[in-house]
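Read through the structure below, which is laid out as structure tokens, and then see the notes.
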Amino acid sequence: MRKPVFQGSLGQDYYEYLIEKLKANQRVDGRTLDSYRDLKIDLNVVPKAEGSAQVQLGKTSVLAGVKLTAGVPYADTPDEGVLTVGLDLAPFAHPEFQPGPPDEKAVGWGRVVDRGIREGKAIDLGSLVIEEGRKVVIIWLDLTLINHEGNAQDAASIAALAALMSARFPEEIASALGRDSLELLHFPVSVTLGKISDFMLVDPSIEEEDYLDSELSVTSLEDGRISSMQKILSGPLNEEDVMKAVILAKKKGDELRELVLKTVKKHKSRANKDSE
Amino acid sequence: MSKLSQEELLTDDGIRNDGRRVDEARPFEVEVGVLTQANGSALVRQGKNVILAGVMGPYEAERHSQYLDRAVLKVRYHMQPYSTNDRKSPTYSRREMELSRAIREALEPAVILTDLPRTEIDVFIEVLQADGGTRCASVNAASVALADAGIPMKDLVTAVAIGKIRDTLVIDINDLEDENGQADFPIAMMPNKDKITLLQMNGLLDEAEIKKSIDMARGVIGSLYTIQVNALKKKYTPLAVSKEG
Amino acid sequence: MSEKIEKVREVVVPGEKLGDASLKTAEGAYKDNDGVYSSLLGVVERESDRGIRIRALRGKYLPRVGDFVIGKVVEVGLMDWTIDINSPYLARLDSKEAGIEVDPITIDLRHYFDVGDYIAAHVLSFDRVTPPSLSIRERGLGKIHGGIPISVIPSRVPRIIGKKGSMISMLDKMLKTRLLVGQNGYIIIQGGSAEDVTFTISVLRKIEEEAYTYGLTDRIKELLIKRYGDKNV
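Residue numbers (my numbering), protein chains in the order written: chain A, 517 to 792; chain B, 91 to 335; chain C, 9 to 241.
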């Protein structure tokens, strides 16, 4: 639940403290408005999954696991593989999270990841058919928010991309398809911006999230196109805000993407060396 | 899950399918305080098990579930869909419910519940990768997480499963040994009290084997316990270097 | 290279034996048949008169009668307020202990303290079975007007205050902000520019982090002098 901004006898003071810092291009944790927290990506943290990645964005932590199985396609898309994306909030990730089926928040984060990949045509689902109408590759992408310190959205998006990129087909599928990995066509990365008063900042921390008027997540591809956008919270945005966000999301998205690509490349060359 | 014969599980030379000897536990690592929003937490790797435990609380229990003389301990054991060879449905299963209870009852005797009347302590366990003996690894993670949360306890709780392969008792069984072996005998203890707090057995054992299993478990638990203690101390022993030394 | 000598406080875990059964125990330890054991993750303090005591390294605040605490109003009732004091137990402030004679029909307690307001109070009573009760009858207690709240691990508060108040009086003299430090780990930072507040938070975090290390007061003093000069030392 979103806390009211000016609640209580100290709410206004904290808000003014935030604003005073933002005016000087500073955030309460020492960052500038357009800087991300440290990003750490660990691959293959769950070797039993066909692909996995743990992303730490500051102290926010998301784990992505990819299972690749052979199964029956949907009746309306007999010539396509299936992509299923789910996001689970571990109940120890935040005191407000309850165990049980995903709530509005979790579904929202999962959907943005899903749309970024699907609409960006990152995966060629048509290339995942083993036997048309009967047997295709099912991609189960399951995300777990392990620790919530703000901007779970981008951490989830990065973890998803890294896990999909590093996933290897099980032998049965690899021999049927004649290749051993998903071979992504595009590399979607979401960049989330928060708006407080007239200031736009990237990668909001959990302290800042309480004071955001609105939030916009923009998923960009490596070729500069945008594959999904999602505005949340009840504050309105101007056209200039949106365009500024798109430009910043492309720039920041490129930086994040480069790190993901580099990490996966390094991991793959190490894995190849090990198997030689 | 692959079917293995007893000979494949244990060679004539006494070597197990993962290269261990019969009396050798799997690698065991404990990391303390890995979460920031939980009151206490621990990450445990026991063989290929990867288990994360987080403690929320103590906080005032809902009025209808309060006890005036003690705290309520709740445990939820949950497996992530990607944690097993075949994808597991994310919905909470009966097996998870059964294990949650076994783990809770393994921990309860160690927690001094009477120190915190009217409160609730929640232990959330997420299995990130499963490799046989997840309940034991979960107990090991949860008891460290409870200590990390500052919960008063009589002792830590440490657990290991003894198995039987080719009519031989073996220590700390993995997935394949659990599936294809002759017995699975998980045991948890309060190491300083020499008290058993979790005991289940599936399979066939005779009286002598039961006695021997408990003795074997006690030995392993002793060394796993040392690793739990060292992890807690390492996290919190301040490295104060005094210049005037 | 000069050799450094590490002086490290003794950290114990629950179940660890501290001595034989004749040892006198205070908090954080319990007696079993053959000895005295720790019941907490904590640092050992051996006091000759009071016996052995374990100071918790982690965990929430357990109220003690007479403590100065800072609380946040979470609920307003007809005759009392419910207050979050960073404890497993929600505290209660009775309108009488706020010096207000209430006729619930004519007076709405929200006029005094509303949800989200911060108050400074004393712990009046606590026995774990009934909610801890607070009082704001004394001078200087009551609603806190303005400031930046932060929360630290309660067991580290004694270090922020220091032996006989040595740390807090140094902070008061040298920082450009004013501090209200509750024993429960809630701290309000008042006054100063945004920069001063940020610096104050970093100093408090450092004390919290390094609470059980030796030579902390000197290190904090250096930090303060480096920032604001040594006029106020």
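Where is the CB? At the ideal position from N, CA and C, for every residue including glycine.
| request: Find the residues of chain C that neighbour P207/B, judging by a C-beta separation of less than 7 Å, and give them in chain order. | output: Position 117 of the second sequence, counted from the start, is the residue given in the question as residue 207/B. What P207/B touches in chain C: R136, V137.
| said: Can you tell me which residues form a DSSP beta bridge with G751/A? | reply: Your numbering for residue 751/A matches position 235 in the first sequence. Answer is none; G751/A lacks a bridge partner.
| Range of the contiguous beta strand (DSSP E) that encloses Q219/B | The residue given as residue 219/B occupies position 129 in the second sequence. Its beta strand (DSSP E) spans residues 209-219.
| request: Just the chain C side, please: which residues come within less than 8 Å of D729/A by C-beta, in chain order? | output: Walking along the first sequence from the start, residue 729/A turns up at place 213. Going along chain C, no residue has its Cβ under 8 Å from D729/A, so there is no contact; the nearest lies around 19 Å.
| query | Leaving out the 5 sequence neighbours to the left and right, which residues in its chain are closer than 7 Å to T174/B when beta-carbon positions are compared? | reply | Counting from one through the second sequence, the residue named residue 174/B turns up at place 84. Contacts found: A220.
| field | Proximity test, Cβ basis, 9 Å: F214/B and chain A | value | For the purposes of this step, residue 214/B is taken as residue 124 along the second sequence, with counting starting at 1. For F214/B, the answer is yes, since a Cβ of chain A falls inside 9 Å of its Cβ.
| Reduced DSSP category for D630/A - H, G, I as helix; E, B as strand; rest coil | Here residue 630/A refers to the residue found at position 114 when the first sequence is read from its first residue. Helix at D630/A.
| Contacts of K151/C in chain A (Cβ-Cβ under 7 Å) | Counting from 1 along the third sequence, the entry for residue 151/C is found at position 143. Ordered by position in chain A, the residues that pass the 7 Å Cβ test against K151/C are S525.
| request: Counting only the same chain and skipping the five closest in sequence on each side, list residues whose C-beta sits under 6 Å from that of E11/C. | output: Sequence index remark: in the third sequence, residue 11/C carries index 3 (1-based). In this predicted model, E11/C has a pLDDT of only 41, less than 50, meaning its place in the structure is not dependable enough to derive any value.
| request: List the whole-angstrom C-beta distance separating I712/A from E724/A, where the pair is believed to meet the contact cut-off of C-beta under 8 Å. | output: The residue you call residue 712/A lines up with position 196 of the first sequence. The residue you call residue 724/A lines up with position 208 of the first sequence. The Cβ separation is near 7 Å, so the contact holds.
| task | Can you tell me which of the three DSSP states Q542/A falls into? | result | Here residue 542/A is taken as the residue at index 26 of the first sequence, counted from 1. Coil.
| query | Along chain A, in chain order, which residues have C-beta atoms closer than 7 Å to that of G240/B? | reply | For the purposes of this step, residue 240/B is identified with residue 150 of the second sequence, where counting begins at 1. Per Cβ cutoff of 7 Å: no residues; G240/B is ~16 Å from chain A at best.
| field | Separation of E210/B from R194/B, as counted between CA atoms | value | Here the question's residue 194/B lines up with position 104 in the second sequence. Here the question's residue 210/B lines up with position 120 in the second sequence. Looking at the two C-alpha atoms, the distance is approximately 13 Å.
| request: Report all residues from its chain with a CB closer than 7 Å to the CB of E121/B; omit the five preceding and five following residues, and keep chain order. | output: For the purposes of this step, residue 121/B is identified with residue 31 of the second sequence, where counting begins at 1. Closer than 7 Å at the Cβ level, and outside the excluded window around E121/B, lie A132, L133, A321.
| request: Between the Cα of R627/A and those of L599/A, A683/A, S721/A, spot the shortest distance and give me the residue it belongs to. | output: What you label residue 627/A is simply residue 111 of the first sequence in a count that begins at 1. Comparing Cα-Cα distances from R627/A to each of L599/A, A683/A, S721/A, the minimum goes to L599/A.
| query | Does any CB atom of chain A fall closer than 9 Å to the CB of Y126/C? | reply | Position 118 of the third sequence, counted from the first residue, corresponds to residue 126/C. Yes, Y126/C lies at the interface with chain A (some Cβ there is under 9 Å from its Cβ).
| field | Test: K537/A CB closer than 9 Å to a CB of chain C | value | Within the first sequence, the letter at position 21 stands for residue 537/A. Closer than 9 Å: yes.
| Limits of the unbroken beta strand (DSSP E) element including M291/B | To locate residue 291/B, count along the second sequence from 1; it is residue 201. Premise fails: M291/B is in no beta strand (DSSP E) and is neither H nor E.
| request: Note down the Cα distance separating G74/C from A106/C, rounded to an integer number of angstroms. | output: Taking the third sequence and counting its residues from 1, one reaches residue 74/C at position 66. Taking the third sequence and counting its residues from 1, one reaches residue 106/C at position 98. Cα-Cα distance, rounded: 16 Å.
| query | Of all Cβ atoms in chain C, is any one closer than 9 Å to the Cβ of V375/B? | reply | As shown, chain B starts at 91 and ends at 335. That puts residue 375/B outside it, with no answer to give.
| said: Starting from V79/C, trace the alpha helix (DSSP H) in both directions and tell me its first and last residue. | reply: Counting from 1 along the third sequence, the entry for residue 79/C is found at position 71. A quick correction: the sequence has Gly, not Val, at residue 79/C. Here G79/C belongs to no alpha helix (DSSP H); instead the beta strand (DSSP E) covers 76-84.
| said: Any beta carbon from chain B within less than 9 Å of G616/A's own beta carbon? | reply: As a working mapping, residue 616/A is identified with position 100 in the first sequence. Yes, because at least one Cβ of chain B sits closer than 9 Å to the Cβ of G616/A.
| Extent of the continuous alpha helix (DSSP H) run through T224/B | For the purposes of this step, residue 224/B is identified with residue 134 of the second sequence, where counting begins at 1. Run containing T224/B: 224-238, per the alpha helix (DSSP H) assignment.
| said: Please list, in chain order, the chain F residues whose beta carbon lies closer than 8 Å to that of D658/A. | reply: Of the protein chains in the structure, A, B and C, none is chain F.
| query | Can you name the start and end residues of the beta strand (DSSP E) that R61/C belongs to? | reply | Translated into the one-based positions of the third sequence, residue 61/C becomes position 53. First-last of the beta strand (DSSP E) with R61/C: 59-64.
| task | Measure the CB-CB distance between I654/A and G616/A and report whether it falls below 9 Å. | result | Indexing the first sequence from 1 puts residue 654/A at position 138. Indexing the first sequence from 1 puts residue 616/A at position 100. Against a cut-off of 9 Å, the Cβ pair of G616/A and I654/A comes out as no contact.
| query | Given a limit of 7 Å on CB to CB distance, which residues of the stretch 588-620 of chain A reach chain B? | reply | G602, D604, A606, P607, F608, A609, H610, P611, P615
| request: For my contact list, V310/B and A115/B are in at a C-beta cut-off of 8 Å; report their separation, rounded to the angstrom. | output: One-based indexing of the second sequence puts residue 310/B at position 220. One-based indexing of the second sequence puts residue 115/B at position 25. Contact holds; Cβ gap of about 5 Å.
| query | Which chain C residues are close to Y530/A, counting only those with a beta carbon under 7 Å from its beta carbon? | reply | Working through the first sequence from its first residue, we reach residue 530/A at position 14. Per Cβ cutoff of 7 Å: I156.
| Can you tell which of G222/B, D176/B, L218/B has its C-alpha closest to the C-alpha of G137/B? | Position 47 of the second sequence, counted from the start, is the residue given in the question as residue 137/B. For G137/B, the nearest C-alpha among the options comes from G222/B.
| task | Spell out whether any CB of chain A is found under 9 Å from the CB atom of D122/C. | result | One-based indexing of the third sequence puts residue 122/C at position 114. It does: the Cβ of D122/C has a partner Cβ on chain A nearer than 9 Å.
| task | Starting from A202/C, find everything on chain A with Cβ-Cβ shorter than 7 Å and list it in chain order. | result | Here residue 202/C is taken as the residue at index 194 of the third sequence, counted from 1. Chain A residues near A202/C: Y533, E536, K537.
| message | Using the Cβ count rule (16 or more neighbours within 10 Å means buried), how would you classify Y727/A? | response | As a position in the first sequence, residue 727/A is number 211, starting the count at 1. By the 10 Å Cβ count, Y727/A comes out buried.
| task | Check the Cβ-Cβ distances between T206/C and every residue of chain A, and say whether any is below 9 Å. | result | On the third sequence, position 198 is the one that residue 206/C refers to. With 9 Å as the cut-off, T206/C counts as an interface residue toward chain A.
| Between the Cα of E738/A and the Cα atoms of F703/A, V762/A, D714/A, which residue gives the shortest distance? | Here residue 738/A refers to the residue found at position 222 when the first sequence is read from its first residue. Of the candidates F703/A, V762/A, D714/A, the one whose C-alpha sits nearest the C-alpha of E738/A is F703/A.
| Under 7 Å from the C-beta of A128/B: neighbouring residues of chain A | For the purposes of this step, residue 128/B is identified with residue 38 of the second sequence, where counting begins at 1. Under the 7 Å cutoff, chain A gives F608.
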